[in-house]
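One structure below.
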Amino acid sequence: MTIAPVRGMKDVLPPESARWKALESEYIAYAGRFGFREIRTPIVEKTELFARAVGETTDIVEKEMYSFTDRSGENLTMRPEGTAPVVRALLGNRFALGEWPVRLAYTGPMFRHERPQKGRLRQFHQLGAELFGTDSPYADAEMLAFLYGFLKEIGLSGVSLEINSLGDPACRPAYNERLSDFLASREGLLCDDCRRRRVRNPLRVLDCKAERCVQATADAPSVLESLCDECRAHFESVETVLAEIGVPFARNPRMVRGLDYYRRTTFEFVIPGMGAQNTVAAGGRYDGLAEMVGGKERVPAIGFAVGVERLLMLLGEGGDGAPAADVFLVTSGAKFLREAFRWKMELIGKGIRAEMDYEGRSVKAQFRRADRSGAAAVVVFGEDEDARGMVVFRDMAGGKQEEVSRDEAMRRLAGLK
Ligand code: ATP
Ligand code: MG
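Counting in numbering that gives the first Met the number 0, the sequence shown runs from 0 upward without gaps.
Printed below as a string of structure tokens:
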């Protein structure tokens, strides 16, 4: 009898594995544009780290962790999320990581013993990033612009950004109380889990995916109405900056996230119509976490994680997660190969993904490839134009095509980056 994989855990086979690899490296490269450097933390941590950071009364810690005692009696856990390990690594290597702000990005597997279903696994993978050392609203806007830009860059459409603020230790307790009172009045309508959560961690009730709880809490008091002046000003600044840089968003005062460490800004990128698995990326600010795991100083921070399986599912079967080229160089005969190849190397040297055909395919066939490659522009080296010292430049999105000098074509291509 063959041995099956563990329930909720999957092999990644080729050609799917190539999409994973491409996605992960594109992510790290994109993060690099914002100054994020990659960190790789161990997959196993001391259980205490997650108990303290994620919160004793969260679903993750209460019932989803893969915990075990190793041969020397240590209580260990396969990481259910990436932020707490990165914070631990930051605190332990403070000087090696340089001055504030510190920007770290990661990719890798996470483990949660949830009920497996479409878009919900027991080993799943995340792309994540953490920005430490500033509580400026610009940092929040940067993270959201980063995530928004990345999702757009890899071709994900139809996602919408929802944001909220959970307040801070100055104003959250008052909100918790208001929410508790409200939930007490709905007690009979809640699921069993939420009846417990109501007392121990009322905010968690708003995160329950059970339909009855969603309905019972439809008119729960809004956390945004309970914010203190500082938190309100912070939240409004984040909104102003986002509007200024053209990142569309909507407020969602019900979004509380499943981890206890969040403070102030929280956010999710959601796909309408995906049911309970509709969140493709999520995150928030966690200014108190460093102290919760034993750090001596307060380290304001904000981070996010993208679910790789959900992202690839949304991108669909076909694509490889990224367009293959920015420009396709079409040659109308073998005599143009040398020049086109020189262009290709020069463009790649400038950071522009250039592609061409080496096999002498027809111009029509080359155009078909150009289409599939996702290239934004095509340059055609043709006989007639060449006689006039020109090339044809085609803007693939607009479909506009014109004859231009070689210098002008190169100048436009340089702008594709
Ligand atoms: P959800 O609300 O869907 O349970 P979450 O709040 O538990 O998500 P986070 O811990 O913030 O999610 O993780 C960030 C992202 O990781 C999610 O938006 C999702 O895309 C992905 N993710 C979380 N849990 C799983 C899982 N069990 N299987 C696959 N992807 C997951
Ligand atoms: Mg969850």
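Beta carbons: idealized from backbone N, C-alpha and C, even for Gly.
Length of the line joining the Cα atoms of residue i and residue j
i      : j      : result
Gly434 : Asp218 : Outside the modelled stretch of the chain, which goes from 0 to 416, sits residue 434, for which no answer is possible.
Glu238 : Val379 : 45 Å
Arg36  : Tyr137 : 19 Å
Pro4   : Ala21  : 25 Å
Val85  : Gly54  : 16 Å
Asp285 : Asn277 : Here residue 285 turns out to be Tyr, not Asp, going by the sequence shown. Looking at the two C-alpha atoms, the distance is approximately 23 Å.
Asp394 : Ala408 : 11 Å
Asp406 : Ala413 : 11 Å
Gly315 : Glu152 : 15 Å
Arg341 : Arg371 : 23 Å
Gln214 : Cys190 : 11 Å
Phe327 : Ala339 : 10 Å
Asp259 : Arg196 : 13 Å
Lys343 : Glu354 : 7 Å
Ser246 : Ala369 : Reading off the sequence shown, one finds Val at residue 246, where the question assumed Ser. The alpha-carbon atoms of Val246 and Ala369 are separated by roughly 30 Å.
Arg439 : Ala275 : Beyond the ends of the chain as shown, which are 0 and 416, falls residue 439; an answer cannot be given.
Leu155 : Asn200 : 35 Å
Ala30  : Ile244 : 18 Å
Arg352 : Glu401 : 22 Å
Thr133 : Gly294 : 16 Å
Phe145 : Arg70  : 42 Å
Gly148 : Ile27  : 13 Å
Pro252 : Arg211 : 19 Å
Val204 : Cys193 : 5 Å
Lys9   : Pro41  : 20 Å
Gly388 : Arg337 : 16 Å
Thr1   : Gly7   : 17 Å
Lys280 : Val391 : Position check: residue 280 holds Ala in this sequence, whereas Lys was assumed. Between Ala280 and Val391, the C-alpha separation is close to 41 Å.
Glu229 : Ser236 : 11 Å
Gly157 : Pro14  : 26 Å
Range of the contiguous alpha helix (DSSP H) that encloses residue i
i      : result
Val198 : Asp191 to Arg199
Leu178 : Arg171 to Arg185
Gly91  : Thr82 to Gly91
Backbone secondary structure at residue i - three-state DSSP
i      : result
Lys117 : coil
Val440 : Because residue 440 is not part of the residues shown, which for the chain are 0 to 416, the question remains open.
Tyr261 : coil
Lys295 : coil
Ala104 : strand
Ser156 : coil
Thr239 : helix
Glu25  : helix
Gly127 : strand
Ala249 : strand
Gly31  : helix
Phe94  : coil
Gly449 : Only positions 0 to 416 of the chain appear in this structure, which leaves residue 449 out of reach.
Met109 : strand
Leu146 : helix
Val326 : strand
Ala304 : strand
Trp19  : helix
Run of the beta strand (DSSP E) containing residue i, from where it starts to where it stops
i      : result
Ser164 : Ser159 to Ser164
Met440 : Lying before the first or after the last residue shown, residue 440 is absent from the chain, which here runs from 0 to 416.
Gly7   : Element bounds for Gly7: n/a, residue is neither H nor E.
Arg284 : Thr278 to Arg284
Glu308 : Where Glu308 is concerned, there is no enclosing beta strand (DSSP E), although the alpha helix (DSSP H) it sits in stretches over Val307 to Leu314.
Interface flag, residue i vs chain D, CB-CB below 9 Å
i     : result
Thr56 : This model lacks chain D altogether; it includes just one protein chain.
heavy atom of ligand 3 below 8 Å from residue i C-beta
i      : result
Arg256 : Judged by which ligands are present, ligand 3 is missing from the structure shown, whose ligands are ligand 1 and ligand 2.
Counting pairs of Cβ atoms below 8 Å between the stretch 123-140 and the stretch 300-313, do you hit three or more? Using a Cβ-Cβ distance cut-off of 8 Å, the stretch 123-140 and the stretch 300-313 are in contact, since at least three pairs of beta carbons, one from each stretch, lie closer than that value.
Inspect the CB distances between the stretch 152-172 and the stretch 247-265 and report whether three or more fall short of 8 Å. The answer is yes - the stretch 247-265 touches the stretch 152-172, with three or more Cβ pairs under 8 Å.
Every unbroken beta strand (DSSP E) within the stretch 36-68, with a cutoff of 3 residues, ordered by chain: Within the stretch 36-68, the beta strand (DSSP E) runs of at least 3 residues that lie entirely inside it are, in chain order, 43-45 and 65-68.
If you scan the stretch 331-415 from start to end, which runs of the alpha helix (DSSP H) of 4 or more residues do you find wholly inside it? You should have 336-348, 362-372, 382-386 and 405-413.
Mind the definition here: the stretch 266-285 touches the stretch 170-179 only if three or more C-beta pairs lie below 8 Å; say whether that holds. Touching, no.
Looking at C-beta atoms only, is the number of pairs between the stretch 66-83 and the stretch 37-52 that lie closer than 8 Å three or more? With a cut-off of 8 Å, the stretch 37-52 and the stretch 66-83 count as touching, because enough Cβ pairs lie within range.
Please determine if the stretch 88-96 and the stretch 111-123 are in contact, where contact requires at least 3 C-beta pairs separated by less than 8 Å. Contact between the stretch 88-96 and the stretch 111-123 is absent, because fewer than three Cβ pairs lie under 8 Å.
The stretch 107-118 contacting the stretch 281-295, beta-carbon criterion three pairs below 8 Å: Contact between the stretch 107-118 and the stretch 281-295 is absent, because fewer than three Cβ pairs lie under 8 Å.
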